[in-house]
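Data first, discussion second: the structure below is written as structure tokens.
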Amino acid sequence: MKKLLVVFCLLFVSSQIILGQNFATKGAIELGGSIGFSSTTAVSNGESGDDALTTISIDPYFGYFIIDGLELGIIPSYTSLSQGDESISNFGIYLAPAWNFNLKSNLFPFIEGRIGYNSANYDFGENDNTLSGLAWGLRGGLKMQVGNSSLVNFALYYNQLTMNPDGWEGDRNGENIFGVTAGFTIFLGK
Numbered sequence: 092m093k094k095l096l097v098v099f100c101l102l103f104v105s106s107q108i109i110l111g112q113n114f115a116t117k118g119a120i121e122l123g124g125s126i127g128f129s130s131t132t133a134v135s136n137g138e139s140g141d142d143a144l145t146t147i148s149i150d151p152y153f154g155y156f157i158i159d160g161l162e163l164g165i166i167p168s169y170t171s172l173s174q175g176d177e178s179i180s181n182f183g184i185y186l187a188p189a190w191n192f193n194l195k196s197n198l199f200p201f202i203e204g205r206i207g208y209n210s211a212n213y214d215f216g217e218n219d220n221t222l223s224g225l226a227w228g229l230r231g232g233l234k235m236q237v238g239n240s241s242l243v244n245f246a247l248y249y250n251q252l253t254m255n256p257d258g259w260e261g262d263r264n265g266e267n268i269f270g271v272t273a274g275f276t277i278f279l280g281k
């Protein structure tokens, strides 16, 4: 029984290595992204607060390999935060070139740059404000092929968002964001 299990594991691993050959090649397309939802309620001295903070985020991804390893991606991004009558909506669009290292297995380390534009609308009752500006970031991690055409990825990232009001003449306003992300994509290879 142990020998059969070892043979099965070896066949599975070697099939994954062979199947990994068509990702990160010229003409391949990567589609996917992430969707998130959270609801946070403050608790003080055992009592829950009245208004929950609700967060919804949608980050689709489209990438095309122009040569083996080099992928040009587009990332539209939408995030909504709301609590009671107050809300923030943030939209961004990013060009995301990435280099995917083909290890001739089902593992693909990658590094990705991002540059784009973001806009946020703050609705705090009588105080509405729209902020916008350039954004850039870096992301690096590992994509792991699962099955014939699916990838799971894990990465560290840094994003810098500029969020200035219209006509702003002072120094930069915005956010510097460090984080960890996980995602799922499918790819269509040749």
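Here the sequence shown is numbered in my numbering, starting from 92 and rising by one per residue.
By construction, the Cβ of each residue, glycine as well, lies at the ideal position given by its N, Cα and C atoms.
Would residue i and residue j be called neighbours here (beta carbons separated by less than 8 Å)?
i	j	result
Gly231	Phe201	yes
Lys117	Ile158	yes
Asn255	Gly274	no
Asn136	Gly160	no
Thr253	Gly265	yes
Asp257	Gly216	no
Can you tell me whether DSSP reads residue i as helix, strand or coil?
i	result
Asn113	helix
Ala119	coil
Gly175	coil
Ser196	coil
Glu203	strand
Just to check my reading of the structure: residue i and residue j have Cβ atoms closer than 8 Å, yes? What is that Cβ distance to the nearest angstrom?
i	j	result
Phe153	Gly164	6 Å
Phe156	Ala187	Contact flag wrong, Cβ pair sits at about 13 Å.
Ala226	Tyr185	7 Å
When we look at the beta-carbon of residue i and count the other beta-carbons within 10 Å, is it buried (16 or more) or exposed?
i	result
Phe114	buried
Ser105	Interpretation of Ser105 is limited by its pLDDT of 48, a score under 50 that renders its predicted location unreliable; the figure taken from the coordinates is listed afterwards. Ser105 should be labelled exposed.
Leu242	buried
Gly127	exposed
Asn209	buried
Ile268	exposed
Leu279	exposed
Thr276	buried
Arg205	buried
Phe199	buried
Asn220	exposed
8 Å is my cut-off, CB to CB: does residue i come that close to chain C?
i	result
Glu162	Absent here is chain C; the protein component of the structure consists of one chain.
Those runs of the beta strand (DSSP E) which lie wholly inside the segment 236-280 and span at least 3 residues: The beta strand (DSSP E) runs of length 3 or more contained entirely in the segment 236-280 are, from start to end of the chain, 241-253, 265-279.
Counting only runs that start and end within the segment 133-165, where is the beta strand (DSSP E) found for 3 or more residues in a row? 144-158
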